[in-house]
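Enquirer: Below: one structure in structure tokens.
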Amino acid sequence: MKRELLNICIPALCISLLMSCEDAEMGSKDYPYPTMEKVEVMSDGANFRAVVRSPGNQVIQSHGFIWNENNDKNFGTWTKKELTGTITGTSFWARINTDISSNEVYYVRPFIITTEQTVYGPPVQFTGLGSKALVIHDFNPKEGFDGTLVEMTGENFSLKRERISVSIGNVPAQVTSSAETFVAFTIPESGVNGWAQLRIVSGEQEVLIERAFNVLGPQIDEISKTEGFPGDIITIHGRYFTQNGSPEVYFNEFKAEILETGPDMLTVAIPVPGYNFSDITVNISVRSGQKVSLPDIPFTIKKSWDIKTPTPFDWTWIYNAFSHNGKGYILEMNSRILYDYDPASDTWNPGSSYPAADRDENNIFVTAGNKLYKIGGINHLGPVNTFWEYDFNSQVWTRGADIPFAFTSSTHTSLNGEEYIITNTGQVFRYRSMAYSLHIQRITVYTWLLTENIGLTMQALTPGLKYPRTTSTRIII
Amino acid sequence: MNFAFGFYYNGSAFVVEDGERLYRYFPDRERWILCGYYPGCRADNSYKTVFIAGGYAYIPAISGNYYTCSPLHYAFRNQ
Chain A
0 MKRELLNICI PALCISLLMS CEDAEMGSKD YPYPTMEKVE VMSDGANFRA
50 VVRSPGNQVI QSHGFIWNEN NDKNFGTWTK KELTGTITGT SFWARINTDI
100 SSNEVYYVRP FIITTEQTVY GPPVQFTGLG SKALVIHDFN PKEGFDGTLV
150 EMTGENFSLK RERISVSIGN VPAQVTSSAE TFVAFTIPES GVNGWAQLRI
200 VSGEQEVLIE RAFNVLGPQI DEISKTEGFP GDIITIHGRY FTQNGSPEVY
250 FNEFKAEILE TGPDMLTVAI PVPGYNFSDI TVNISVRSGQ KVSLPDIPFT
300 IKKSWDIKTP TPFDWTWIYN AFSHNGKGYI LEMNSRILYD YDPASDTWNP
350 GSSYPAADRD ENNIFVTAGN KLYKIGGINH LGPVNTFWEY DFNSQVWTRG
400 ADIPFAFTSS THTSLNGEEY IITNTGQVFR YRSMAYSLHI QRITVYTWLL
450 TENIGLTMQA LTPGLKYPRT TSTRIII
Chain B
0 MNFAFGFYYN GSAFVVEDGE RLYRYFPDRE RWILCGYYPG CRADNSYKTV
50 FIAGGYAYIP AISGNYYTCS PLHYAFRNQ
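Sequences listed follow chains A and B, in order.
Residue numbering for the first sequence follows numbering that gives the first Met the number 0, beginning at 0 and increasing consecutively.
Residue numbering for the second sequence follows numbering that gives the first Met the number 0, beginning at 0 and increasing consecutively.
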């Protein structure tokens, strides 16, 4: 009696377990139950036909076939051909054009999706002979920036998106959606600039389209100059300078400072190419994001420096050179000799001797007419307020009356025909050459202080005005 | 010893910063633009001065602490 009960219960339990495992191979009369009826394999695909053995009583939403290289139960990874609409009669079929490789063994199952579940029929094995050729009909747009969405139409794209890839100029694009007759992808961020090849791969098939898509990137059309010195400012006209990222301008490997930026115009300073002792021919390029303008634009950076004869002395004094009548001068304080430099011969020549007993440095030198004025300075005891005049014709030094101020450092410049001195204490003196009138004045401190022997009129401007950099020896106003 | 020193040349103001970097001032843009590096070795160390003659700014490096890095003399131009 017990054996008979077991003989009944064990099969019943097995059937129950099989039916409750999953709905994939369910054959209950409550559900539609399809099975493969026929697989017709062709060199360019296959025809799949299924029969609905049991229609069930659920509402059918769609139906179709799945096929795969192995018979695992992870049906989501199988290639799927889904059909919509009602099933006419007790069978349905589909023409498969893609995703079948020659000499590959496949398993195909029919499926039916109802409002409640998906029912997969049992598999049938077949060996593929191939698929239809991939055909591209068109795509749009045909130019754009990185990130542009491109929609492509054609025939026989793989039904599995992961088997489709698109590259622009050998850079992979992201495929955002696909179907058997449609692929959409975005232009990737890359260095591709200009017309580029499109490469579409679907399964084992590949289509190349040369000069298919114009990736918009920086392009130089015109530059305001074809040569210039480092630090000169030029304007670059072109297109798409900013759309792919903040632009950078290079003269070969030398990065230029950008002064003004626009999508079709850049104003830049010519960069410094090291210590250029000769003209350098470079190529100008504009970079925006990963893109570099094409073609390179040739440009000549003119040389800035020439090597000249060094001074015949190398004492450590704070010399302040000056020029007069096309020559340079340095009062060499160690030897107390006024040297001149002749640019024509590139030579330094010793001249007159400076007659003062003391040595000082960091002086102001001003030339007016044929005179040189040596003003103030500093010696080992501190600032001095001596004033010397030198006559270039007679080569005679003459000491004048002391100046009414002193400084440890100073700067001076000319403006509107007048000379200005700014001292390290922030005093600003204006002086102008009064040929042979020899006046000096400091209005805010002194009334007119006339001295009859210095040839300058000095005047304090704007009491309290402080020049912010007291360490400079000269400034330009 | 290298404080900045400036000069007026070819219609523009220039400053040599720390003995090495030469800047030109563009008043309409209110900007200093780098336009050169002093070519001599250890330019940050040498004592320099400047004078203008014949379309050039002459900048001798008269003394310094590094052997062969002074005295030197270079002429700068941007015209």
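All residues carry an ideal CB built from backbone N, CA and C; glycine is no exception.
None of these values were measured; they are calculated from a predicted model.
How many angstroms separate the CA atom of A/Y419 from the CA atom of A/N362?
Expert: On the first sequence, position 420 is the one that residue 419 of chain A refers to. On the first sequence, position 363 is the one that residue 362 of chain A refers to. Using only the alpha carbons, I get a separation of about 14 Å.
Enquirer: Taking the alpha carbon of A/P246 as the reference point, which residue from A/P217, A/N169, A/G227, A/F228 has its own alpha carbon closest?
Expert: Taking the first residue of the first sequence as position 1, residue 246 of chain A is located at position 247. Checking every option, the nearest Cα to that of A/P246 belongs to A/P217.
Enquirer: Return yes when the Cβ of A/S100 is within less than 8 Å of the Cβ of A/G127, no when it is not.
Expert: Here residue 127 of chain A refers to the residue found at position 128 of the first sequence. Here residue 100 of chain A refers to the residue found at position 101 of the first sequence. Yes, they are a contact pair.
Enquirer: Does the Cβ of A/T125 have 16 or more other Cβ atoms within 10 Å, making it buried, or fewer, making it exposed?
Expert: For the purposes of this step, residue 125 of chain A is taken as the residue at position 126 of the first sequence. According to the sequence provided, residue 125 of chain A is Phe. The question's Thr does not apply to it. With a 10 Å radius around the Cβ and a threshold of 16 neighbouring Cβ atoms, A/F125 comes out buried.
Enquirer: Does chain A have any CB closer than 8 Å to the CB of B/R76?
Expert: For the purposes of this step, residue 76 of chain B is taken as residue 77 along the second sequence, with counting starting at 1. Yes, contact with chain A.
Enquirer: Suppose you measure from the CA of A/I199 to the CA of A/G190; what does that come to, to the nearest Å?
Expert: In the first sequence, the residue the question calls residue 199 of chain A occupies position 200. In the first sequence, the residue the question calls residue 190 of chain A occupies position 191. Taking the straight line joining both Cα atoms gives about 19 Å.
Enquirer: Who does A/D305 pair with in a DSSP beta bridge?
Expert: Position 306 of the first sequence, counted from the first residue, corresponds to residue 305 of chain A. A/D305 is bridged to B/A74.
Enquirer: For A/S352, does the count of other Cβ atoms within 10 angstroms reach 16, so buried, or fall short, so exposed?
Expert: Your numbering for residue 352 of chain A matches position 353 in the first sequence. Exposed, by the Cβ-count rule.
Enquirer: Is A/Q116 near A/Y32, with beta carbons less than 8 Å apart?
Expert: Your numbering for residue 116 of chain A matches position 117 in the first sequence. Your numbering for residue 32 of chain A matches position 33 in the first sequence. Contact: no.
Enquirer: In chain order, what residues of the region 312-332 of chain A put their CB closer than 8 Å to some CB of chain B?
Expert: F312, D313, W314, T315, W316, I317, Y318, N319, A320, F321, S322, G325, K326, G327, Y328, I329
Enquirer: Taking just the CA atoms, how far does A/F253 sit from B/F50?
Expert: By one-based count along the second sequence, residue 50 of chain B stands at place 51. By one-based count along the first sequence, residue 253 of chain A stands at place 254. Cα to Cα, B/F50 sits roughly 29 Å from A/F253.
Enquirer: Tell me the start and end of each unbroken beta strand (DSSP E) in the region 74-126 of chain A that is at least 3 residues and wholly inside, in chain order.
Expert: 78-83, 90-95, 104-113, 117-119, 123-126
Enquirer: Taking the continuous beta strand (DSSP E) assigned at A/E388, which residues delimit it?
Expert: Within the first sequence, the letter at position 389 stands for residue 388 of chain A. Run containing A/E388: 381-390, per the beta strand (DSSP E) assignment.
Enquirer: Taking only the alpha-carbon atoms, compute the straight-line gap between A/S90 and A/L158 and give it to the nearest angstrom.
Expert: Within the first sequence, residue 90 of chain A is the residue found at index 91, counting from 1. Within the first sequence, residue 158 of chain A is the residue found at index 159, counting from 1. C-alpha separation (whole angstroms): 23 Å.
Enquirer: For B/A60, which residues from the same chain have a beta carbon less than 6 Å from its beta carbon, with the 5 sequence-adjacent residues on both sides left out?
Expert: Counting from 1 along the second sequence, the entry for residue 60 of chain B is found at position 61. Contacts found: G39, S45, K47, S69, L71.
Enquirer: Just checking: is the beta-carbon of B/Y73 within a distance shorter than 8 Å of some beta-carbon in chain A?
Expert: As a first step, residue 73 of chain B is located in the second sequence; it is residue number 74 there, counting from the start. True, the Cβ-Cβ gap to chain A drops below 8 Å.
Enquirer: Could you tell me which chain B residues have their CB closer than 9 Å to the CB of A/I306, listed as they occur along the chain?
Expert: If you number the first sequence from 1, residue 306 of chain A lands on position 307. In chain order: P38, L71, H72, Y73, A74.
Enquirer: Is B/R41 close to chain A, meaning its C-beta is less than 8 Å from at least one C-beta of that chain?
Expert: By 1-based counting over the second sequence, the position of residue 41 of chain B is 42. By this cut-off, B/R41 is not an interface position.
Enquirer: Drop a sphere of 10 angstroms on the beta-carbon of B/G10, count the other beta-carbons inside from all chains shown, and report buried for 16 or more, exposed for fewer.
Expert: Residue 10 of chain B sits at position 11 when you count from the first residue of the second sequence. Exposed, by the Cβ-count rule.
Enquirer: Specify, as a first and last residue, the run of the beta strand (DSSP E) that A/V38 falls within.
Expert: In the first sequence, the residue the question calls residue 38 of chain A occupies position 39. A/V38 -> beta strand (DSSP E) spans 32-41.
Enquirer: Considering only residues of the same chain and omitting the five flanking positions on each side of A/A320, which have a CB-CB separation below 7 Å?
Expert: The count along the first sequence starts at 1 and reaches residue 320 of chain A at position 321. Hits under 7 Å: G327, Y328, I329.
Enquirer: Of all the options A/V104, A/R48, A/K37, A/G84, which has the alpha carbon lying nearest to the alpha carbon of A/E68?
Expert: Position 69 of the first sequence, counting from 1, holds the residue named residue 68 of chain A. Minimum Cα distance to A/E68 is reached at A/V104.
Enquirer: So that I know if they touch, is there some Cβ in chain B lying closer than 8 Å to that of A/A268?
Expert: Translated into the one-based positions of the first sequence, residue 268 of chain A becomes position 269. Interface residue, yes.
Enquirer: Between the Cα of A/T422 and those of A/T266, A/A356, A/Y430, A/S408, spot the shortest distance and give me the residue it belongs to.
Expert: In the first sequence, residue 422 of chain A corresponds to position 423, counting from 1. Cα-wise, what sits closest to A/T422 is A/S408.
Enquirer: Hey, is A/V165's beta-carbon within less than 8 Å of any beta-carbon in chain B?
Expert: The sequence position of residue 165 of chain A within the first sequence is 166, counting from 1. No, no contact with chain B.
Enquirer: When you compare the CB positions of A/S292 and A/T241, do they come within less than 8 Å of one another, or not?
Expert: Start at 1 with the first residue of the first sequence, and residue 292 of chain A comes out as number 293. Start at 1 with the first residue of the first sequence, and residue 241 of chain A comes out as number 242. No, these two residues do not count as a Cβ contact at 8 Å.
Enquirer: Which residues in chain A have a C-beta closer than 7 Å to the C-beta of B/G53? List them in chain order.
Expert: As a first step, residue 53 of chain B is located in the second sequence; it is residue number 54 there, counting from the start. What B/G53 touches in chain A: G325, P342.
Enquirer: Which residues in chain B have a C-beta closer than 9 Å to the C-beta of A/F181? List them in chain order.
Expert: By one-based count along the first sequence, residue 181 of chain A stands at place 182. Within 9 Å of the CB of A/F181, no CB atom of chain B is found; the nearest one sits about 54 Å away.
Enquirer: Could you please tell me which residues of the region 250-265 of chain A, in chain order, have their CB closer than 7 Å to any CB of chain B?
Expert: E256, L258
Enquirer: Could you name the residues of chain A that B/G35 contacts, counting a contact when the two beta carbons are closer than 9 Å?
Expert: As a first step, residue 35 of chain B is located in the second sequence; it is residue number 36 there, counting from the start. Neighbours of B/G35 on chain A, chain order: F228, P229, G230, V271, Y274, N275, S303, W304.
Enquirer: For A/L455, is the classification buried or exposed, using 16 other Cβ atoms within 10 angstroms of its Cβ as the cut-off for buried?
Expert: Taking the first residue of the first sequence as position 1, residue 455 of chain A is located at position 456. Summary for A/L455: the model assigns pLDDT 43, below 50, so the residue's position carries little reliability, and this model does not support an answer.
Enquirer: What does a CB cutoff of less than 6 Å around A/P187 pick up in its chain, not counting 5 residues either side in sequence?
Expert: Translated into the one-based positions of the first sequence, residue 187 of chain A becomes position 188. Same-chain partners within the cutoff: V170, A172.
Enquirer: Could you give the uninterrupted runs of the beta strand (DSSP E) lying entirely in the region 197-279 of chain A, keeping only those of 3 residues or more?
Expert: 204-214, 218-222, 232-238, 246-250, 253-261, 264-268
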